[in-house]
Amino acid sequence: MQISKRSINDTLEKQVRGMWYQLIADTKTSGEAQLVFDELLTETETTAISKRVAVAYWLSKKRSYENIKQNLKVSSATIASVQQGMDRAGWKLALRRVMADEWATKWNGKIKDWLKR
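The sequence shown begins at 0 in numbering that gives the first Met the number 0 and counts up by one.
1. Under 8 Å, with one C-beta from each stretch per pair, do the region 22-42 and the region 69-78 reach the 3-pair mark?
2. Classify I7: buried if its beta carbon has 16 or more other beta carbons within 10 angstroms, exposed otherwise.
3. Going by alpha carbons, who is nearest to V22 out of L39, E12, L11?
4. May I have the straight-line CA-CA distance separating D100 from A93, to the nearest angstrom?
5. Does K60 come out as helix, strand or coil in the three-state DSSP assignment?
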């Protein structure tokens, strides 16, 4: 999809983005998010966003550029771009959410194992 070079007025732009952000905020589960975004985003857009999140996650886990490049099939420029942004609030929030989900999944498994005893 190409983006038109003709811009819309600032008020309308704010409303349009507001709808998009509210849609994201209103998705309740990962399954619901997948259903919505698989319809709204192209496969390329979904892959690009997913890989950027994975790059940030792996950088936070101290993986090397080379390891990230080989496994995620991304360029050094993509890794550098993500790394430069990781100090900003949006990336910090995204990583906290990913880490919290990882922590919850880990402990959920441990608790289930403990209850089976």
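The beta-carbon is built from N, C-alpha and C at its ideal position, and this holds for glycine as well. Computed from a prediction, not measured in an experiment: that's the story for all the values here.
In short:
1. no
2. In the sequence shown, residue 7 corresponds to position 8, counting from 1. Exposed.
3. Sequence index remark: in the sequence shown, residue 22 carries index 23 (1-based). Looking at the sequence itself, residue 22 is Leu, so the reference to Val does not match. Among L39, E12, L11, the Cα nearest to that of L22 is on L39.
4. Here the question's residue 100 lines up with position 101 in the sequence shown. Here the question's residue 93 lines up with position 94 in the sequence shown. If you take the alpha carbons of D100 and A93, they lie about 11 Å apart.
5. Along the sequence shown, read from residue 1 onward, the residue named residue 60 stands at position 61. Coil, per DSSP.
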